[in-house]
Amino acid sequence: MITKKKKINRFFLLATGPFFGLLLFLFIGFRPMHLEIDTQDYIPEPSLTIQTAELMQNLDKADQTMKVTISSIRKTSALYKQTTGTMNQIVKTAQTQAARPEYIYNRRITAKLGVPFERIESDRIRLELFRVNPGVYHGYAMKVKLKDAKAMQMSLGRDQVGGAETTLQAVKRHGAVAGINAGGFADSGGKRYPLSTTVLNGKYVTGFESSFKDLFFVGLNDSGKLIGGKFWQQSDLDSLNPRFGATFVPVLLKSGQPMPIPEKWQVSPKRAPRTVIGNYKDDQILIIVVDGYNENGSSGATLQELQSKMHGLGVIDAYNLDGGGSSSLIVNGRVINNPSDGNLRPVPTHFLFFK
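Residue numbers (UniProt numbering): 1 to 355.
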């Protein structure tokens, strides 16, 4: 009879037998395995190593070159900024120096007029009003600096040939900041026509007429410069490129020299309300409007007095515009002078100024 203990031993032998057999097989039959790897295949070739070294060296050089280039660019940029700043300062200084003679000249001519009682300035125009009172007559001077050539225009009465309106009406209708009466006129058929040669917007209003009986033409050219004088041929006037202008009599100053005043205009009338226009050598315009109580020759200024006055103020060219009851000076919607008629006279041409 097999005991319980023997049964357990037999079971253990049967269970572990296969494992012991496997171990015995491995012990007796196992041979060492040798894995052969050619390590030479994994050693870098000498040429590749050299190329890599050269590449790294080139990268180092490129890095140094880049640093030098960046430094050079920064220095160049700083030098450019410094140079630009210096040039801007030079230009600014040059502009200041260039403007200085004009400033000095303007101070000199303004000092002769006194202190303005009204001043208007914009990017288009500078306009200054002065009182003129030498004792024998009373009037006003208006000095004008045209920064824009088109800041001064001429208008026809009601914008038509034969039309007439007061300077105040013309100023308001066109939106001007100031205005004066311009050339002479002739009445016909209930209409008021501008005298002789008249130019508007570069075109002859009633055609060209050769100067006669001391008549002259005065106006502005395309550059905004005052032009004027006697013209016997249209080509002579055309050569000055007139943009607008009107006609009256006589010329007072030419190139800084007093011109002979026709005898008739010295006494007929001797004194009267007057409007005269002239220019300085820097192309500023000076206008003088003189008050008078009537046109009988007892009040106002003589042409010789105004000729002398304009010459003494440094004016280069000066021209007498229509006067008497036609004289008018409008600024900022106000009548500055005292019209001899008691009211402004409707006239066919006006010089207007725009802000």
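From the three backbone atoms N, C-alpha and C, an ideal C-beta is built for every residue, glycine too.
Original post:
Cα separation between LEU253 and GLN169?
Top reply: LEU253 and GLN169 have their C-alpha atoms roughly 31 Å apart.
**OP:** Return the CA-CA distance between HIS350 and ARG100, expressed in angstroms with no decimal places.
**Re:** Each residue's Cα considered, the two are about 34 Å apart.
**OP:** Taking GLU263 as part of the alpha helix (DSSP H), name the residues at either end of that continuous run.
**Re:** In the DSSP annotation of this structure, the continuous segment of the alpha helix (DSSP H) that includes GLU263 starts and ends at 263 to 267.
Original post:
Can you list, in chain order, the residues of its chain whose CB lies under 6 Å from that of PRO262, leaving out five sequence neighbours each side?
Top reply: Taking C-beta separations shorter than 6 Å and ignoring five residues to either side along the sequence, the partners of PRO262 in its chain run ASP214, PRO250, following chain order.
Subject >> Runs of beta strand (DSSP E) lying entirely within the region 205 to 259, each at least 3 residues, in chain order >> reply: As far as the region 205 to 259 is concerned, its whole beta strand (DSSP E) runs of at least 3 residues are 216 to 221, 226 to 229, 242 to 248, 251 to 254.
**OP:** Report the option in LEU156, SER340, VAL276, ASN58 whose CA atom is closest to the CA atom of MET142.
**Re:** The shortest Cα separation from MET142 among LEU156, SER340, VAL276, ASN58 belongs to VAL276.
Subject >> Buried or exposed (CB count within 10 angstroms, at least 16 for buried), TYR319 >> reply: Burial is judged here by how many other beta carbons sit within 10 angstroms of a residue's own beta carbon; TYR319 has at least 16 and is buried.
Subject >> Supposed contact pair GLY184 and LEU200 - C-beta distance, whole angstroms, cut 8 Å >> reply: Not really, about 16 Å apart at Cβ, beyond 8 Å.
Original post:
What does DSSP give as the partner residues of MET152 in its beta bridges?
Top reply: Per DSSP, the beta bridge partners of MET152 are PHE353.
Original post:
Counting along the chain, where does the alpha helix (DSSP H) carrying LYS309 start and finish?
Top reply: Its alpha helix (DSSP H) spans residues 303 to 312.
Subject >> Rounded C-alpha distance that separates VAL171 from GLY179 >> reply: Distance between the alpha carbons of VAL171 and GLY179: 6 Å.
**OP:** Could you please give me the residues that DSSP links to MET142 through a beta bridge?
**Re:** Note: MET142 sits in a beta bridge opposite LEU129, ILE287.
Original post:
Which class does PRO101 belong to by DSSP, given the choice of helix, strand or coil?
Top reply: In the three-state scheme derived from DSSP, where H, G and I count as helix and E and B as strand, PRO101 is classed as helix.
Original post:
Pick from GLY245, TYR193, ALA164, LYS230: whose alpha carbon is nearest that of TYR204?
Top reply: Nearest C-alpha to TYR204: GLY245.
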